[in-house]
Amino acid sequence: MIAVAAMAWSCGSDSGVVSGPLVEIGDWRADTAELISYRGKLPESMQPVGTNEEIIRSLLASLVDRHVMILEGEALGYHRDEKFLNRQYRLLSKRLIETLSRGVVGSNVQVSEAEIEEMYRGHHWDRKILPAHILSATEADALEVIRRLDQGADFAELAREFSIASDADKGGFLGQYFGPSDAVAGLVNAAHGLPVGDFTHTPVRTRDGY
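For the sequence shown, our numbering gives the first residue as 4, with consecutive numbering after it.
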């Protein structure tokens, strides 16, 4: 379902803009701030023209089209394609270096390759993980699972026995690699700093449970 709210547009300003989402597609929402940000990133040749209403409708349509294409690409599995992931990694590396070099840290500050690499690794941008999880309905249930793991219980077996997620029968494995900016951010952020094979020793709260 897509819901669109009317809003007033003021060039160079956000005055007169209504609050709340302008577009909703499932769990995805685009608000006024995102629309303004999106317009600001468009090159001059792609800027919409016309009345305020025509400009807003054009920007919203473009945002929706882009999101639908992303959903379609994910449905077809393109986000797991090795060539796509390699290209994404190279573009992220290039963008990070360019951003740091341009002046985000100051035009008079020289940033060495070692400092860039340290920041890159510090944010775990150099690594992807293959995580597994055990989803519990309550924090108490999650703490009980952690207690059993501390006692040496097998993670996959506990997932099959206690997890309420749809992947419980797979031992809780999510089945794909994740980077820090990928989906299920709470889980990924909690797991990224862990050594391989370790688990979180405090419950991680998500919208579906713990």
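Cβ coordinates follow ideal geometry from the N, Cα and C atoms, glycine included.
Bridge-paired residues (DSSP) for residue i
i: residue 209; result: 212
i: residue 181; result: 132
i: residue 24; result: 34
Cβ-Cβ distance between residue i and residue j below 9 Å
i: residue 168; j: residue 178; result: no
i: residue 212; j: residue 145; result: yes
i: residue 194; j: residue 205; result: no
i: residue 137; j: residue 181; result: no
i: residue 70; j: residue 39; result: no
i: residue 92; j: residue 62; result: no
i: residue 37; j: residue 66; result: yes
First and last residue of the uninterrupted alpha helix (DSSP H) at residue i
i: residue 56; result: 55-78
i: residue 152; result: 142-153
i: residue 163; result: 158-165
Secondary structure of residue i, DSSP reduced to three states
i: residue 176; result: strand
i: residue 169; result: coil
i: residue 196; result: coil
i: residue 137; result: coil
i: residue 202; result: coil
i: residue 91; result: helix
i: residue 45; result: coil
C-beta neighbour in chain C for residue i, strict 9 Å
i: residue 38; result: Considering every chain present, this structure includes no chain C. It has just one protein chain.
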